[in-house]
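The structure appears below as structure tokens.
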Amino acid sequence: MPTVHESVDTPPKASILIESMRDIGYSLETALADVVDNSITAKATNVHIHVDAIGSEARIGIVDDGKGMSRADLLDAMRLGSRHPHEPRAVHDLGRFGLGLKTASFSQCRRLTVVTRKDGITSVAIWDLEHVAKTDTWSLLVTDDEVEIPFIEYLGAEGSLVVWERLDRAVEQDGTDMGRKHFIRRVDDAGRHLELVFHRYLSGESGIRRISILINSVPLRPFDPFHSSHPATIAGQTEVVRVGGHDVAITAFTLPHHRNVSALDWERFGGPAGYLKNQGFYLYREKRLIIHGTWFGLARQMELTKLTRVRIDMPNGLDSMWHVDVKKASARPPLQVRERLQRLITTIGAPSRRIYTQRGQKMHGVPLPMWERVQENNAIVYRLNSENPILLAFQRELPQDLKVEFARMLQAVSAALPMDALFADLANSPESVRGAEVADDSLKSMLGITIAGLLMAGVGPGMIPDTLRVTEPFRSNWDRTETLLEQTGRIKDE
Ligand SMILES: Nc1ncnc2c1ncn2[C@@H]1O[C@H](COP(=O)(O)OP(=O)(O)O)[C@@H](O)[C@H]1O
Ligand SMILES: [Mg+2]
0 MPTVHESVDT PPKASILIES MRDIGYSLET ALADVVDNSI TAKATNVHIH
50 VDAIGSEARI GIVDDGKGMS RADLLDAMRL GSRHPHEPRA VHDLGRFGLG
100 LKTASFSQCR RLTVVTRKDG ITSVAIWDLE HVAKTDTWSL LVTDDEVEIP
150 FIEYLGAEGS LVVWERLDRA VEQDGTDMGR KHFIRRVDDA GRHLELVFHR
200 YLSGESGIRR ISILINSVPL RPFDPFHSSH PATIAGQTEV VRVGGHDVAI
250 TAFTLPHHRN VSALDWERFG GPAGYLKNQG FYLYREKRLI IHGTWFGLAR
300 QMELTKLTRV RIDMPNGLDS MWHVDVKKAS ARPPLQVRER LQRLITTIGA
350 PSRRIYTQRG QKMHGVPLPM WERVQENNAI VYRLNSENPI LLAFQRELPQ
400 DLKVEFARML QAVSAALPMD ALFADLANSP ESVRGAEVAD DSLKSMLGIT
450 IAGLLMAGVG PGMIPDTLRV TEPFRSNWDR TETLLEQTGR IKDE
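Going by numbering that gives the first Met the number 0, the sequence shown runs without a break in its numbering and finishes at 493.
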């Protein structure tokens with residue numbers, strides 16, 4: 000150790016540090032979520048987000064009816080680093096580093112005003128980046144004058160109002176109207192983000208106080224990424240892992256297959272990024288979603304597990320063990336949990352995987368399917384089934400030399416199944432992939448041949464309609480098939 004001669008106090012240069020803090024990496028949506036966190040922690044039940052994109056200058060106001068702050072509380076709240084990250088937080092406190100209000104706001108705007116009301120006293124404090132730059136000091140502007148504060152009319156008897164002005168980041172200044180249109184779209188996207196992040200608060204899940212969040216008077220609707228209200232969603236057992244004296248609860252969900260939900264729901268629950276990207280762990284800190292759509296590097300995002308989403312619930316006491324960052328947008332599980340999750344991963348994907356492979360295996364339930372799915376030397380092979388009644392009937396009509404040719408033809412078609420293209424299409428938009436059209440007369444002829452073949456294969460007449468119902472091409476053309484069956488029935492009866 001060298002001998003120290005003196006210790007020099009070197010405070011950061013306010014004008015420089017405050018500018019760099021703007022680039023921690025918040026987006027409009029994560030910044031808004033951080034401000035809403037504070038309202039929830041302050042026990043607000045209503046949070047109104049007002050966005051003014053029309054006036055000469057765009058601005059945003061977030062008003063809550065929480066418990067508000069005294070003047071001293073407000074000065075503390077505006078200080079950068081108001082609470083030590085290791086100081087224990089009250090249960091349900093959504094705060095983390097004592098930075099969120101400031102860093103989130105500065106990431107979007109150059110002027111942050113906080114107005115707060117408690118016990119009949121209104122206090123106002125303003126961080127103005129121009130003022131900080133000019134004075135190069137951490138000087139906060141303080142007043143009790145409410146005149147001309149945007150959105151002040153929405154603040155009730157108790158609560159707080161956060162105002163963002165000079166939105167140089169949220170609204171791109173390109174001199175045209177594009178910037179403003181883009182801004183409005185981003186506010187919409189932010190609304191979707193809040194509907195996901197706070198869905199358990201918005202729905203008033205048991206054990207937490209229900210809150211409503213409105214953007215320009217439009218209430219946000221909770222978006223439950225597990226679609227848990229749908230009967231086709233499979234919810235696994237909740238497992239509890241004890242970490243650092245706290246309980247972490249893990250529940251795996253398998254979302255319904257696209258055949259079991261409406262096209263609209265399929266879209267909605269896939270989210271803008273789609274199912275593949277949205278599979279994985281959903282980590283909630285005090286019921287607030289902080290990270291989602293990742294397997295934390297423990298598994299790959301695969302097509303087979305794309306319907307799997309695993310809810311992890313952790314309390315705020317585990318922040319440092321989970322490496323929760325300032326934006327509350329990323330985290331990494333502690334070692335014990337990682338091990339447990341790793342073991343879970345092998346089993347949790349199973350229902351999602353089953354839903355997909357079942358579609359293949361179901362073929363075995365159909366006697367004499369057109370396509371066979373066979374396991375061969377650890378590989379799965381799809382091929383046309385030469386025992387299928389339609390193929391068999393045709394083959395019987397052929398002269399001997401063409402019989403051999405026909406068998407070769409079936410092999411050629413089977414080998415040329417465009418698997419990559421099918422896979423890609425089914426993965427991207429399964430709802431828009433369907434079998435080729437079958438003309439009426441073809442369907443009729445295939446039906447006759449298939450029924451005869453099924454009878455010959457020992458399928459009882461009573462079982463025929465049920466068998467056809469799960470056999471292509473009848474399954475996909477069931478209305479027409481049923482009409483044809485009725486007609487043949489009538490002809491027989493006559
Ligand atoms: N809307 C609000 N209502 C009441 N108190 C608030 C509000 N917003 C912020 N505060 C106070 O300011 C403090 C600092 O907030 P913030 O910078 O977000 O850090 P953190 O949430 O990590 O504590 C909070 O701990 C809280 O005491
Ligand atoms: Mg906070």
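Glycine included, each C-beta is placed from N, C-alpha and C at the ideal position.
None of the values given here were measured: they were computed from a predicted structure.
Just the C-alpha distance for residue 211 and residue 303, rounded to the nearest angstrom, thanks.
The residue labelled residue 211 in the question sits at position 212 within the sequence shown. The residue labelled residue 303 in the question sits at position 304 within the sequence shown. Between residue 211 and residue 303, the C-alpha separation is close to 37 Å.
If you scan the region 170 to 236 from start to end, which runs of the alpha helix (DSSP H) of 4 or more residues do you find wholly inside it?
177 to 196, 198 to 201
Do residue 37 and ligand 1 come close, with the Cβ less than 7 Å from some heavy atom?
Residue mapping note: residue 37 aligns to position 38 of the sequence shown, counting from 1. Residue 37 Cβ: within cutoff of ligand 1.
Given residue 167, which residues of its chain have a CB within under 8 Å of its CB, disregarding the five upstream and five downstream residues?
Here residue 167 refers to the residue found at position 168 of the sequence shown. Once the five neighbours on either side are set aside, the close Cβ partners of residue 167 are 108, 109.
In the DSSP output, what is residue 125 paired with across the bridge?
Translated into the one-based positions of the sequence shown, residue 125 becomes position 126. Paired residues: 112, 140.
Since residue 381 is in the beta strand (DSSP E), which residue starts that stretch and which ends it?
Position 382 of the sequence shown, counting from 1, holds the residue named residue 381. Residues 378 to 383.
For residue 67 and residue 157, believed in contact at Cβ under 8 Å, the rounded distance
By 1-based counting over the sequence shown, the position of residue 157 is 158. By 1-based counting over the sequence shown, the position of residue 67 is 68. At roughly 5 Å, the Cβ-Cβ gap stays under 8 Å, so residue 157 and residue 67 are in contact.
Do the CB positions of residue 184 and residue 170 come within less than 8 Å of each other?
In the sequence shown, the residue the question calls residue 184 occupies position 185. In the sequence shown, the residue the question calls residue 170 occupies position 171. No, the Cβ-Cβ distance between residue 184 and residue 170 is not below 8 Å.
State the CB to CB distance for the pair residue 222 and residue 257, rounded to an integer number of angstroms; the pair is presumed to be in contact (CB under 8 Å).
Here residue 222 refers to the residue found at position 223 of the sequence shown. Here residue 257 refers to the residue found at position 258 of the sequence shown. Actually they are not in contact, since the Cβ atoms of residue 222 and residue 257 sit about 18 Å apart, beyond 8 Å.
Just list the beta strand (DSSP E) runs in the region 240 to 321, keeping only unbroken ones of 3 residues or longer that don't cross its boundaries, in chain order.
245 to 253, 279 to 284, 287 to 293, 307 to 313
Could you tell me the distance, in whole angstroms, from the CA atom of residue 272 to the CA atom of residue 84?
Your numbering for residue 272 matches position 273 in the sequence shown. Your numbering for residue 84 matches position 85 in the sequence shown. Their backbone Cα atoms lie some 33 Å apart in a straight line.
By the 10 Å Cβ neighbour count, where 16 or more other Cβ atoms means buried, how is residue 29 classified, buried or exposed?
One-based indexing of the sequence shown puts residue 29 at position 30. Label assigned to residue 29: buried.
Output the boundary residues of the alpha helix (DSSP H) element that contains residue 441.
Within the sequence shown, residue 441 is the residue found at index 442, counting from 1. Unbroken alpha helix (DSSP H) run through residue 441: 439 to 455.
Under a three-way DSSP split, which group does residue 12 fall into?
Position 13 of the sequence shown, counting from 1, holds the residue named residue 12. It is coil, neither helix nor strand.
With a CB to CB cut of under 7 Å and the five nearest residues on each side skipped, what residues in its chain are close to residue 432?
Residue mapping note: residue 432 aligns to position 433 of the sequence shown, counting from 1. Within the same chain, residue 432 has close Cβ partners 424, 425.
Go through its chain and collect everything with a Cβ distance to residue 131's Cβ below 8 Å, but skip five positions before and after it.
Within the sequence shown, numbered from 1, the residue matching residue 131 stands at position 132. Around residue 131: 13, 14, 17, 137, 138.
With DSSP run on the structure shown, which of helix, strand or coil describes residue 38?
One-based indexing of the sequence shown puts residue 38 at position 39. Three-state result, residue 38: helix.
Classify residue 498: buried if its beta carbon has 16 or more other beta carbons within 10 angstroms, exposed otherwise.
With the chain represented from 0 up to 493, any question about residue 498 goes unanswered, as that position is not in the structure.
Please classify residue 164: is it buried, with 16 or more other beta-carbons within 10 angstroms of its beta-carbon, or exposed?
On the sequence shown, residue 164 is found 165 positions in, with the first residue counted as 1. So residue 164 ends up on the buried side.
Hey, is residue 101 close to ligand 1, as in C-beta under 7 Å from one of its heavy atoms?
To locate residue 101, count along the sequence shown from 1; it is residue 102. True, at least one ligand heavy atom lies under 7 Å from that Cβ.
For residue 63, is the beta carbon positioned less than 7 Å from some heavy atom of ligand 3?
Judged by which ligands are present, ligand 3 is missing from the structure shown, whose ligands are ligand 1 and ligand 2.
Are the CB atoms of residue 41 and residue 72 within a distance shorter than 8 Å?
Translated into positions along the sequence shown, residue 72 becomes position 73. Translated into positions along the sequence shown, residue 41 becomes position 42. No, these two residues do not count as a Cβ contact at 8 Å.
What's the gap between the Cα of residue 268 and the Cα of residue 321?
Here residue 268 is taken as the residue at index 269 of the sequence shown, counted from 1. Here residue 321 is taken as the residue at index 322 of the sequence shown, counted from 1. Those two C-alpha atoms are separated by around 27 Å.
Run the CB neighbour count on residue 80, radius 10 Å, all protein chains shown included, and call it buried at 16 or more, exposed below.
Your numbering for residue 80 matches position 81 in the sequence shown. Label assigned to residue 80: exposed.
Strand pairing of residue 47, partner residues [DSSP]
Counting from 1 along the sequence shown, the entry for residue 47 is found at position 48. The partner list for residue 47 (beta bridge, DSSP) reads 62, 213.
For residue 19 and residue 140, the rounded distance between their alpha carbons:
On the sequence shown, position 141 is the one that residue 140 refers to. On the sequence shown, position 20 is the one that residue 19 refers to. Their backbone Cα atoms lie some 21 Å apart in a straight line.
With burial defined as no fewer than 16 other Cβ atoms inside 10 Å of the residue's Cβ, what is the status of residue 4: buried or exposed?
Along the sequence shown, read from residue 1 onward, the residue named residue 4 stands at position 5. Exposed is the call here.
Determine which residues share a DSSP beta bridge with residue 159 and list them.
Looking up residue 159 in the sequence shown gives position 160. DSSP, once it has assigned bridges, lists 63, 115 as partnering residue 159.
At least one CB of chain D closer than 8 Å to the CB of residue 213: is that the case?
Looking for chain D here will not work: only one protein chain is present.
Distance cut-off 7 Å: residue 156 Cβ against heavy atoms of ligand 1
The residue you call residue 156 lines up with position 157 of the sequence shown. For ligand 1, not one heavy atom lies less than 7 Å from the Cβ of residue 156.
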